[in-house]
Amino acid sequence: MSELLSANDSYFKQSFLKDIPYPQIIEELDYEKLLKAYEELFKSFLKDNVELLESDPFKAILEALAYREMIIRARINESIKATYLHYAKGSDLDNVVANGYLIQRLKGVKPTAKVEFELNTLLTYDVIIPKGAIFSNEKADLATLKEEVVIKKGQSKAQGILELNEFIQSKESKTEFLQTPLPFVAKIKQLEFFKGG
């Protein structure tokens, strides 16, 4: 399959599909009409012409039925909309274009965040924190160091970039626990949340 549909599909929707009319199969929801239809059906089963009062228990049952049907019809409307290219979102959109056009959404990029490493003492040689070092947090989020970081001799700090191991736009998460301990690195501080995915 070709990878023609980008993660940002709003331009495609706005430019090519803006004039397509709303599908007639999608029903307009009207609670009052549904309630009236239930009341008329209920009265048709009675021999006498009875007026339902607000305090009547049957009125409450009919109101609940009408509300329930409205919820079901809304769900059906959403299911129908999910099959139309113009209205589909997320994984529904992925399936619509995969089935009809044999294309798939590009994954995008993983978000990144700045991180600072600090030594507990000044050293007379460089300390290298290797590319690909894995970091985590208590929520089991994982991130890797994008490029190696060198703390120069005589200095105590250096910064690098962490990449979160999931395709997401952003995440308010900090991964400051190094999975593989390194000698002399006393403190790891993520300077921002993950963004730019």
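Note that the sequence shown covers residues 68 to 264 in my numbering. Virtual Cβ for every residue (Gly too), placed ideally from N, Cα, C. Treat the numbers as computed from the prediction; the structure is a model and nothing was measured.
Counted as a single uninterrupted DSSP element, the beta strand (DSSP E) harbouring G227 occupies residues K224 to L231.
Each residue's CA atom was taken as its position, placing F112 and K238 some 58 Å apart. Annotation for Y151: P90 place their beta carbon closer than 7 Å to its own, counting only its chain and skipping 5 residues before and after.
Counting only unbroken stretches of 3 or more residues, the beta strand (DSSP E) elements lying wholly within the segment 177 to 253 are 179 to 186, 194 to 196, 201 to 203, 209 to 212, 216 to 218 and 224 to 231, in sequence order.
Put simply, the segment 153 to 165 does not touch the segment 106 to 124. Fewer than three CB pairs are less than 8 Å apart. A residue is called buried when at least 16 other Cβ atoms come within 10 angstroms of its Cβ; L160 meets this threshold and is buried. Taking the CA atoms as reference points, I255 sits about 11 Å from G227.
Here the segment 218 to 225 makes no contact with the segment 126 to 140; the two share fewer than three CB pairs at distances below 8 Å. Measuring C-alpha to C-alpha distances from P178 to each of E259, A131 and Q246 identifies E259 as the nearest. When secondary structure is reduced to three states using DSSP, I143 falls in the helix class.
Put simply, the segment 116 to 135 does not touch the segment 161 to 180. Fewer than three CB pairs are less than 8 Å apart. Relative to the Cα of K181, the nearest Cα in the group I235, D86, F109 and A225 belongs to A225. Apart from the 5 residues on each side of it in sequence, A210 sits with its Cβ closer than 7 Å to the Cβ of F202, L229, E230, L231, N232 and T242 in its chain, given in chain order.
Distance between S122 and E106, taken at the CA atoms: about 14 Å. Between the C-alpha atoms of F244 and A200 there is a straight-line separation of about 11 Å. A check of alpha carbon separations from G264 across I235, T247, P248 and S240 identifies I235 as the nearest. Per DSSP, reduced to three states, the secondary structure at K148 is helical. For E183, same chain residues with a beta-carbon under 7 Å away, outside a window of 5 residues either side, are K224, Q226, K256 and L258 in chain order. Here the alpha carbon of T247 sits roughly 44 Å from the alpha carbon of N166.
Annotation for I170: the continuous beta strand (DSSP E) segment containing it runs I170 to R172.
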